[in-house]
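To start, the structure itself, in structure tokens.
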Amino acid sequence: MYKAKNLEMFRSLMNENGPEGKVHEFMMASEKLQAIMYKAEIEAALRTPGFAGLQLLNLNDSPGQGTALIDVLNAFWKEKGYITPEAFQLTSFHNN
């Protein structure tokens, strides 16, 4: 049976260093910041004069590459609950 030992380690570190009971809130805030920064980076690239385009590696977590819980959607292409599709919608596409 596979276990996400790294997540257990992170939980232990958080509990040892103060924010007991705040793991979920910390995770949601961290992931929302990640999504906002990802969106801002894409929009900045789209505003760059002469920019030829971009390629996104993925928008969903990668279950086949170990624990890669870094994307906006989960491994099943479902929302994670910290940002809505409307909030992630790129504004630059509407200005061009």
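Following numbering that gives the first Met the number 0 from start to finish, the sequence shown increments by one per residue and tops out at 95. C-beta atoms are modelled at their ideal positions from N, C-alpha and C, and glycine is treated no differently.
Please report how far the alpha carbon of G96 lies from the alpha carbon of A44, in whole angstroms.
The question about residue 96 has no answer here: the residues shown for the chain are numbered 0 through 95.
Check the C-beta distance from Y81 over to M27 and give it rounded, since I have them as a contact under 8 Å.
A Cβ-Cβ separation of about 5 Å places Y81 in contact with M27 under the 8 Å criterion.
Name, in chain order, the residues that DSSP records as bridge partners for L72.
Answer by DSSP bridge pairing, in chain order: N59, E78.
Using the Cα positions of L72 and A86, report the straight-line distance between them to the nearest angstrom.
Taking the CA atoms as reference points, L72 sits about 13 Å from A86.
On a Cα-Cα basis, can you pick out the residue from F25, S61, K2, I41 that is closest to Q54?
By alpha-carbon distance to Q54, the top candidate from F25, S61, K2, I41 is I41.
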